[in-house]
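As they're listed, the protein sequences go chains B and V. Per numbering that gives the first Met the number 0, residue 0 is the first one in the first sequence, and the count goes up by one each step. Per numbering that gives the first Met the number 0, residue 0 is the first one in the second sequence, and the count goes up by one each step.
Number of protein chains: 2
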Amino acid sequence: MSQPNKYFISENNVPFNDVFQFGLSVDCVVFGYQEGQVRVLLIERDADPYKGSWALPGDLVSPNEDLEFAANSVLNKLTGLKDIFMEQFYTFGSVDRHPAGRVATVGYYSLVKTNNYHPVASSWAKSIQWFDIRELPELAFDHKNILEKGIKTLQHRVRYRPVGFELLPLKFTLSELQELYEALLGYKFDKPNFRKKILAMDLLIALGEVQENVWHRPAKLYKFDEGRYRALRNEGFAFEL
Amino acid sequence: MSQPNKYFISENNVPFNDVFQFGLSVDCVVFGYQEGQVRVLLIERDADPYKGSWALPGDLVSPNEDLEFAANSVLNKLTGLKDIFMEQFYTFGSVDRHPAGRVATVGYYSLVKTNNYHPVASSWAKSIQWFDIRELPELAFDHKNILEKGIKTLQHRVRYRPVGFELLPLKFTLSELQELYEALLGYKFDKPNFRKKILAMDLLIALGEVQENVWHRPAKLYKFDEGRYRALRNEGFAFEL
DNA sequence: TCAAAAGTGTTCCGAATACACCCATGC
DNA sequence: GCATGGGTGTATTCGGAACACTTTTGA
């Protein structure tokens, strides 16, 4: 490495030997949705520290991989899925957040379509399980903190961007959509008004299909129109629910 | 450090020797506002790499200080100010973003009241200068990227939280407030409607004072009611402009 | 008296709310 | 038929947009 000393004159008097002394990890808040419940995927740690505790899935970042890549890998190993919706939300770097040294962690949240996942245990996970976000266990490290921030971030973003659809199967009914939003935000919507509003946005494609095997009037199925959303957004349209 | 090997079994096969190999820095997008212009504070680097280039003020984090502390220090050394409004917005960690090795950087933006700052040069800054956000120079590293993300974050947050007041002096007129929002968001508001809306929120205290030394009808001065905002927020009020 | 910006009032329209009602299906 | 949830229509209210107007100051 060329002239490293010259490169790292810190205003803060960080001695050169201390520069490359940080660990870096990613932690993922993996959201799922089923039966009216918003859930997150947690693992039971099978390695010290906090062996036996529940924790967010995460891993150390390797020096030769990007953060997004590392976050994607975590999720891919856990669920077998690729190209999952995923966004960074906050970085946690308290001095004492990791017992073994200075490890900063970058928080990502991801949204998993209900039908698709296939969680599998891994070398540091004894088991893996979905938890209702209203009934969370104790968590290792500062993961409670991270998880809460992740939930708040999702609750905010879901109102201003059509990310909620990532949690539903490709085909869904308007009632399912409404229930999802109610579960995410914690309050109720008026059915007629919710429908009017969401349909007025012109972001849903009616598939011409209906539910099957239901013991009441079957609901129409819709899917989200990704292309239409991008087009509208370029014209200045702002999703807001 | 106790049994470090046991602590770092990575799913990702990060070799133990590679764990504590990251540099960590903070970079600050310091916003100011004057004469209808939104400005950011940039430094001219006096150290390699990118010596002579303009860059965001930032510094390496020392292993024994928290991120917020580091970000505050940067700003304090630059402006002499303490307890400045400051929020984290995104973390940038591409493998090749720093020529000397793997350095991830946490982006903060801060808002500085117009009257208060006192920028001073420093050991790695040859000079320091405010730039209109519409007329930015070339920047070192990936700072263009960071700066743009910072601007977008501010533009979003300013609509949903009363952060804009941090850019104005303690006492301000409604027109000044309106001009600030117009400069930040890049579009105009209707004067009567802007006033009605902002006053209806009941977040401003009329000081009973007026402007002086103006050659037209002097405007009333207001200040932001921090306590009232907190109270309203607890009742479920959501600021939105 | 004039220019300039502060500040107010009124009308209009569209969107959100509240709520009542009808429809299709399985049993 | 009835229970259950799907789906629609309408009257009302409220907030935002548009815009015209008055007020206060310095020069």
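The beta carbon of each residue, even a glycine, is placed where N, CA and C say it ideally should be.
Please report the straight-line C-alpha distance between residue i and residue j, rounded to a whole angstrom.
| i | j | result |
| --- | --- | --- |
| Trp214 of chain V | Leu167 of chain V | 22 Å |
| Gln210 of chain B | Tyr32 of chain B | 19 Å |
| Asn11 of chain V | Ile83 of chain V | 39 Å |
| Leu202 of chain B | Ser61 of chain B | 40 Å |
| Ser24 of chain V | Leu240 of chain V | 34 Å |
| Leu55 of chain B | Met85 of chain B | 15 Å |
| Ile42 of chain B | Gln128 of chain B | 6 Å |
| Pro98 of chain V | Ala205 of chain V | 53 Å |
| Arg216 of chain B | Tyr228 of chain B | 30 Å |
| Gly149 of chain V | Arg44 of chain V | 20 Å |
| Gln154 of chain B | Lys195 of chain B | 22 Å |
| Arg160 of chain V | Phe238 of chain V | 6 Å |
| Asp141 of chain V | Arg96 of chain V | 6 Å |
| Gly92 of chain B | Glu234 of chain B | 39 Å |
| Ile132 of chain V | Ala124 of chain V | 20 Å |
| Arg232 of chain V | Tyr49 of chain V | 45 Å |
| Glu34 of chain V | Phe130 of chain V | 13 Å |
| Leu138 of chain B | Gly226 of chain B | 39 Å |
| Glu181 of chain B | Glu165 of chain B | 15 Å |
| Ser126 of chain V | Trp53 of chain V | 9 Å |
| Lys81 of chain V | Gln20 of chain V | 32 Å |
| Tyr89 of chain B | Asp26 of chain B | 10 Å |
| Gln2 of chain B | Ser9 of chain B | With a pLDDT of only 47 at Gln2 of chain B, under the threshold of 50, the placement of this residue in the model should not be trusted; the figure read from the coordinates follows. Approximately 15 Å between the Cα atoms of the pair. |
Sorry if obvious, but does the Cβ on residue i come closer than 7 Å to a heavy atom of the ligand MG?
| i | result |
| --- | --- |
| Val29 of chain V | The model depicted lacks the ligand MG and carries no ligand whatsoever. |
Out of the options, state which residue places its alpha-carbon closest to the alpha-carbon of residue i.
| i | options | result |
| --- | --- | --- |
| Ser109 of chain V | V:Gly163, V:Thr172, V:Glu64 and V:Ile42 | V:Gly163 |
| Asn63 of chain V | B:Val102, B:Pro56 and B:Tyr228 | B:Val102 |
| Val73 of chain B | B:Arg156, B:Asp58 and B:Asp65 | B:Asp58 |
| Leu40 of chain V | V:Leu176, V:Val94, V:Lys112 and V:Phe7 | V:Lys112 |
| Thr172 of chain V | V:Val157, V:Gly185, V:Ala199 and V:Gly207 | V:Gly207 |
| Leu220 of chain B | B:Val94, B:His142, B:Tyr49 and B:Glu175 | B:Glu175 |
| Tyr107 of chain V | V:Leu146, V:Asp17, V:Tyr180 and V:Lys187 | V:Leu146 |
| Phe236 of chain V | V:Lys222, V:Asn212, V:Ala199 and V:Ala218 | V:Ala199 |
| Glu134 of chain B | B:Arg38, B:Ala46, B:Cys27 and B:Tyr6 | B:Arg38 |
| Gly79 of chain V | V:Lys151, V:Val119 and V:Asp17 | V:Val119 |
| Val28 of chain V | V:Asn71, V:Pro14 and V:Tyr6 | V:Asn71 |
| Phe30 of chain B | B:Thr152, B:Phe223, B:Ala69 and B:Asp189 | B:Thr152 |
| Leu169 of chain B | B:Phe7, B:Lys222 and B:Asp189 | B:Lys222 |
| Arg156 of chain B | B:Gly51, B:Leu184, B:Glu67 and B:Lys143 | B:Leu184 |
| Gly100 of chain B | V:Thr104, V:Pro191, V:Phe15 and V:Tyr186 | V:Phe15 |
Mind pulling the chain V residues with CB within less than 7 Å of residue i?
| i | result |
| --- | --- |
| Phe130 of chain B | Here the premise fails: no neighbours, minimum Cβ distance about 20 Å. |
| Gly185 of chain B | In chain order: nothing, as chain V lies at least about 12 Å away. |
Using the beta-carbon of each residue, which ones in chain B are nearer than 7 Å to residue i?
| i | result |
| --- | --- |
| Trp123 of chain V | Ile8 and Glu10 |
query: Along the chain, which unbroken stretches of the beta strand (DSSP E) at least 3 residues long are found entirely within the stretch 65-142 of chain B?
result: 84-91, 102-110 and 124-131
Contacting positions in the stretch 63-86 of chain V - beta carbon closer than 8 Å to chain B: Asn63, Glu64, Asp65, Leu66, Ala69, Ser72, Val73 and Lys76
task: May I ask you to list, following chain order, the residues of the stretch 84-114 of chain B that have a beta carbon less than 7 Å from some beta carbon of chain V?
output: Gln87, Tyr89, Thr90, Gly92, Ser93, Val94, Ala99, Gly100, Arg101, Ala103 and Val105
field: Contiguous alpha helix (DSSP H) assignments of at least 4 residues, all confined to the stretch 135-181 of chain V
entry: 142-159
task: Anything in the stretch 46-61 of chain V with a Cβ closer than 7 Å to a Cβ of chain B? List those residues in chain order, please.
output: Ala46, Asp47, Pro48, Asp58, Leu59 and Ser61
task: Note down, in chain order, all residues in the stretch 12-25 of chain B with a beta-carbon under 8 Å from any beta-carbon belonging to chain V.
output: Asn12, Val13, Asp17, Val18, Phe19, Gln20, Phe21, Gly22 and Leu23
message: Could you tell me which whole beta strand (DSSP E) segments of length 3 or greater appear in the stretch 1-68 of chain B?
response: 22-33, 36-44 and 57-59
query: Where are the beta strand (DSSP E) runs, 3 residues long or more, that stay fully inside the stretch 191-215 of chain V, in chain order?
result: 203-209
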